[in-house]
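Going line by line, the protein sequences match chains A and B.
For the first sequence, my numbering assigns the number 126 to the initial residue and increments by one for each residue that follows.
For the second sequence, my numbering assigns the number 58 to the initial residue and increments by one for each residue that follows.
Glycine included, every Cβ here is placed at the ideal spot set by N, Cα and C.
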Amino acid sequence: MAIDVVEPDRRDFLTLAAGTFVAVGGAISLWPFIDQMNIDAGAQSLASIEIDIAPVVVGQAITVMWRNKPVFIRHRTKEEIEKALAVDVKDLPDDIARNEGLPASALATDGNRTKPGHENWLIMVGICTHLGCIPKGQTLSDKRGDFDGWFCPCHGSHYDTAGRIRKGPAPRNLEVPIYEFITKTKIKIG
Amino acid sequence: MAAHESTCVPKSRFGKWMDVRLPIGRLVHDQLVDFPTPRNLNYLWTFGSILSFFLMLQILTGIVLAMHYQPSAADAFDSVVRIDRDVNFGWLLRPLHAVGASMFFLAVYIHIFRGLYYGSYKAPREILWIIGVLIFVAMMAAAFLGYSLPWGQMSFWAVTVITNLFSSLDDVIPGLGTTVVQWLWGGYSVTGVTLNRFFSLHYLLPFVIVGLVGLHIWALHVVGQNNPTGVDIKTKSDAVTFYPYATSKDAVGIFGFMILFLWFVFFLPDYLGHADNYIPADPLVTPPHIVPEWYFLPYYAILRAIPSKLFGVIAIFSSLGVLLFVPWLDTSLVRSTKYRPFYKWFFWLLVLSCLALGYLGSKPADGAYVIWARVFTAYYFAHFLIVLPLMGLIERPKRVPGSITEDVLGPEGTAGAAATGKKG
Ligand code: HEM
Ligand code: FES
Numbered sequence: 126m127a128i129d130v131v132e133p134d135r136r137d138f139l140t141l142a143a144g145t146f147v148a149v150g151g152a153i154s155l156w157p158f159i160d161q162m163n164i165d166a167g168a169q170s171l172a173s174i175e176i177d178i179a180p181v182v183v184g185q186a187i188t189v190m191w192r193n194k195p196v197f198i199r200h201r202t203k204e205e206i207e208k209a210l211a212v213d214v215k216d217l218p219d220d221i222a223r224n225e226g227l228p229a230s231a232l233a234t235d236g237n238r239t240k241p242g243h244e245n246w247l248i249m250v251g252i253c254t255h256l257g258c259i260p261k262g263q264t265l266s267d268k269r270g271d272f273d274g275w276f277c278p279c280h281g282s283h284y285d286t287a288g289r290i291r292k293g294p295a296p297r298n299l300e301v302p303i304y305e306f307i308t309k310t311k312i313k314i315g
Numbered sequence: 058m059a060a061h062e063s064t065c066v067p068k069s070r071f072g073k074w075m076d077v078r079l080p081i082g083r084l085v086h087d088q089l090v091d092f093p094t095p096r097n098l099n100y101l102w103t104f105g106s107i108l109s110f111f112l113m114l115q116i117l118t119g120i121v122l123a124m125h126y127q128p129s130a131a132d133a134f135d136s137v138v139r140i141d142r143d144v145n146f147g148w149l150l151r152p153l154h155a156v157g158a159s160m161f162f163l164a165v166y167i168h169i170f171r172g173l174y175y176g177s178y179k180a181p182r183e184i185l186w187i188i189g190v191l192i193f194v195a196m197m198a199a200a201f202l203g204y205s206l207p208w209g210q211m212s213f214w215a216v217t218v219i220t221n222l223f224s225s226l227d228d229v230i231p232g233l234g235t236t237v238v239q240w241l242w243g244g245y246s247v248t249g250v251t252l253n254r255f256f257s258l259h260y261l262l263p264f265v266i267v268g269l270v271g272l273h274i275w276a277l278h279v280v281g282q283n284n285p286t287g288v289d290i291k292t293k294s295d296a297v298t299f300y301p302y303a304t305s306k307d308a309v310g311i312f313g314f315m316i317l318f319l320w321f322v323f324f325l326p327d328y329l330g331h332a333d334n335y336i337p338a339d340p341l342v343t344p345p346h347i348v349p350e351w352y353f354l355p356y357y358a359i360l361r362a363i364p365s366k367l368f369g370v371i372a373i374f375s376s377l378g379v380l381l382f383v384p385w386l387d388t389s390l391v392r393s394t395k396y397r398p399f400y401k402w403f404f405w406l407l408v409l410s411c412l413a414l415g416y417l418g419s420k421p422a423d424g425a426y427v428i429w430a431r432v433f434t435a436y437y438f439a440h441f442l443i444v445l446p447l448m449g450l451i452e453r454p455k456r457v458p459g460s461i462t463e464d465v466l467g468p469e470g471t472a473g474a475a476a477t478g479k480k481g
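Now the structure itself:
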């Protein structure tokens, strides 16, 4: 009874190939079950809104909902702008602008957090970059923290008048979404 | 499955017929009637049964609550209020489930510290212990998902803060954290979509836990129960049968614990929860002081003790992960802390640290609270990573009794019991 050396080799190959197909096929067929949890088409299509900001007077702030997230729109006072300009970017815990409309490397200067010619308007997502609470500071009676911008009560993060993190556990500046001025008093977010 | 020989002798014709087809009767007899149980178990050993009781109770009450609950952002809050006020016996069923979850955790913490004190994780019980840790993690997930369901302010913001823990992955690979979090949410933020899937998973997880508990008990019945001396069962006189000895002691334990449990259910149904959860979820207003349920407070304190977001999250997960390695971190040759004069003090220091962290987790995260949280967090980790390995090497344990019988009856009793082979 001679031992056939070719047969086992071919069988080995087939076993290996079949095993690989099952593994890859199995992994691929898992994908629909995972992907169904991602943001659906309906939620993605609500991705932009238009807002009339004419009624917001200097020193006032409003909150609007965009993609189910609160967006802070503040009409900053002269002092608030000056305060934000006076800070050296090098001294900030996070020196990146975090402005979706600018390259990822843009520095967190006050100019890079706003739009040229519209520096009095600060528009950003009102979600603390620590663990997602809504910072206080939108209404006049709110505590605004040590830097007169916003204060997150959850774990104590302080943001300045350009929405930049100054103190506390939050790692990043408040995010500036993509937006544009359609007219002088109308903006489109998203 | 059994470590001992089967003594089941089916008597009826049906019993004999079944025994060669599906020997369920034999399984019950060998594992739940005749199973040898150490004769010296104290009441801390009734917590396994107490936990099984609560698991069944959570499933039973959960299934009936689900008949009235609506998992949508618009209706969830109102449907829970309706359970409280309108549904027949809803006033009872909802607190049974909500307080039941709290008591489930109280029992599991006692059960875990029991294991740590008596060295129940040491060989050959490593797998038993590890499955236990997995059950604990699954329970935490189940309770977190359940807490989201009433869709009050605390529900909503607990979901926001806890799911955002994963966004710290952005610090490892930019974008990864955001991807994971949006996948969990099914949106750009926490919405009704999130609530809906959390309900589905809240319904699922308890059944996963049932499966894990099955493995846990299987592993237990392969290696046998530990006992306060940490000495294995050696002779027949070291053990009693599971029925009626262990079952009756367990019944006493369950009834005792029920008094505590039902006292809360009937007289203080909302005491263990947070008043803010009776305010409907508002995605635009964060409550001034967010706290988790009491059983998560120590972990919350650990999270906030660490000033960096990523490392805070790593610390939380490590505080659970380190438990998996306890069987190998403990170098002592003696199981039971009863015979470890020095380690004993460190054990109680660990208990104190966990209680202190629980207290600190309920306080605002500033000033002295944070400093103390750091001290106790440091001890928590030092206990497992430094004290446990070192103590085993340097400590000289006290004399361990030769057998369980000797511990219970003294040396003379041992001779008598061994001669007659009688059971306790
Ligand atoms: C491991 C077992 C379980 C644990 C630890 C657990 C935990 C919880 C918790 C903490 C709550 C919030 C209670 C409140 O504040 O009102 C809750 C709610 C709820 N759970 Fe569970 N649960 C478990 C099993 C189940 C099962 C098997 C179901 C079956 C579907 C279920 C259905 C519900 C429902 C419908 C609610 C919302 C009503 C309410 O808030 O009382 N649970 N659960
Ligand atoms: S979520 Fe704002 S400080 Fe933690």
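Chain B within 7 Å of residue i, Cβ atoms only
{"i": "LEU256(A)", "result": "yes"}
{"i": "ASN298(A)", "result": "no"}
{"i": "ILE314(A)", "result": "no"}
{"i": "ASN163(A)", "result": "yes"}
{"i": "ARG192(A)", "result": "yes"}
{"i": "PRO157(A)", "result": "no"}
{"i": "PRO195(A)", "result": "yes"}
{"i": "ALA168(A)", "result": "yes"}
Cβ separation of residue i and residue j, assumed to be a contact under 8 Å, to the nearest whole Å
{"i": "PHE255(B)", "j": "LEU202(B)", "result": "5 Å"}
{"i": "LEU217(A)", "j": "ALA233(A)", "result": "6 Å"}
{"i": "GLY262(A)", "j": "PHE276(A)", "result": "6 Å"}
{"i": "GLY209(B)", "j": "PHE134(B)", "result": "6 Å"}
{"i": "VAL218(B)", "j": "ILE107(B)", "result": "Going by Cβ atoms, the distance from VAL218(B) to ILE107(B) rounds to 31 Å, so no, they are not a contact pair."}
{"i": "LEU252(B)", "j": "SER205(B)", "result": "6 Å"}
{"i": "THR220(B)", "j": "PRO278(A)", "result": "At roughly 19 Å, the Cβ-Cβ gap does not stay under 8 Å, so THR220(B) and PRO278(A) are not in contact."}
{"i": "PRO95(B)", "j": "ALA296(B)", "result": "6 Å"}
{"i": "ASN298(A)", "j": "ILE307(A)", "result": "Contact flag wrong, Cβ pair sits at about 25 Å."}
Beta strand (DSSP E) segment containing residue i, residue limits
{"i": "TYR304(A)", "result": "304-308"}
{"i": "ILE248(A)", "result": "246-250"}
{"i": "VAL283(A)", "result": "Rather than Val, the amino acid found at residue 283(A) in this sequence is His. Counting along the chain, the beta strand (DSSP E) containing HIS283(A) begins and ends at 282-284."}
{"i": "LYS313(A)", "result": "311-314"}
{"i": "PHE276(A)", "result": "275-277"}
{"i": "ARG291(A)", "result": "290-292"}
{"i": "MET197(B)", "result": "Run containing MET197(B): none in the beta strand (DSSP E); it sits in the alpha helix (DSSP H), 183-205."}
{"i": "ASN191(A)", "result": "Note on residue identity: the sequence assigns Trp, not Asn, to residue 191(A). Segment 186-191, the beta strand (DSSP E) holding TRP191(A)."}
{"i": "PRO195(A)", "result": "194-200"}
{"i": "ALA296(B)", "result": "296-298"}
Beta carbon proximity, residue i to chain A, threshold 7 Å
{"i": "GLY243(B)", "result": "yes"}
{"i": "SER109(B)", "result": "no"}
{"i": "GLN115(B)", "result": "no"}
{"i": "SER129(B)", "result": "no"}
{"i": "SER246(B)", "result": "yes"}
{"i": "LYS291(B)", "result": "no"}
{"i": "GLN239(B)", "result": "yes"}
Chain C contact for residue i (CB, 7 Å cutoff)
{"i": "THR251(B)", "result": "You won't find chain C in this structure, because its protein chains are A and B."}
The alpha helix (DSSP H) enclosing residue i, as first and last residue numbers
{"i": "GLU205(A)", "result": "203-210"}
{"i": "THR94(B)", "result": "Here THR94(B) belongs to no alpha helix (DSSP H); instead the beta strand (DSSP E) covers 93-95."}
{"i": "LYS401(B)", "result": "400-418"}
{"i": "VAL238(B)", "result": "233-242"}
{"i": "LYS306(B)", "result": "304-324"}
{"i": "PRO263(B)", "result": "249-280"}
{"i": "ASP141(B)", "result": "133-142"}
Residue i beta carbon near the ligand SAH (any heavy atom closer than 6 Å)
{"i": "HIS154(B)", "result": "Only the ligand HEM and the ligand FES can be found as ligands here, which leaves the ligand SAH out of the picture."}
Quick one: residues with CB closer than 5 Å to any heavy atom of the ligand FES, in chain order, please. CYS253(A), HIS255(A), LEU256(A), CYS258(A), CYS277(A), CYS279(A), HIS280(A) and SER282(A)
- Residues, ordered as in the chain, of the stretch 201-227 of chain B that lie near chain A by beta-carbon distance below 9 Å: TRP214, THR217, VAL218, ILE219, THR220, ASN221, LEU222, SER224, SER225 and ASP227
Query raised in the report: Can you list, in chain order, the residues of the stretch 406-436 of chain B whose Cβ is nearer than 9 Å to any Cβ on chain A?
Result: Residues PRO421, ALA422 and ASP423.
**OP:** Anything in the stretch 342-354 of chain B with a Cβ closer than 9 Å to a Cβ of chain A? List those residues in chain order, please.
**Re:** VAL342, THR343, PRO344, PRO345, HIS346 and ILE347
When you check each C-beta in the stretch 258-280 of chain A against every C-beta of chain B, which residues fall closer than 7 Å?
Those would be CYS258, ILE259, PRO278, CYS279 and HIS280, in chain order.
May I ask you to list, following chain order, the residues of the stretch 357-369 of chain B that have a beta carbon less than 9 Å from some beta carbon of chain A?
If the cut-off is 9 Å between Cβ atoms, the stretch 357-369 of chain B has LEU360, ARG361, ILE363, PRO364, SER365, LYS366, LEU367 and GLY369 near chain A.
Can you give me, in chain order, the residues of the stretch 283-296 of chain A that have a beta carbon less than 8 Å from any beta carbon in chain B? PRO294, ALA295 and PRO296
Compile a chain-ordered list of the residues in the stretch 174-189 of chain A whose CB is closer than 8 Å to at least one CB of chain B.
-> THR188
Checklist entry - Listed in chain order, which residues of the stretch 329-342 of chain B have Cβ atoms closer than 8 Å to some Cβ of chain A? => result Those would be PRO340, LEU341 and VAL342, in chain order.
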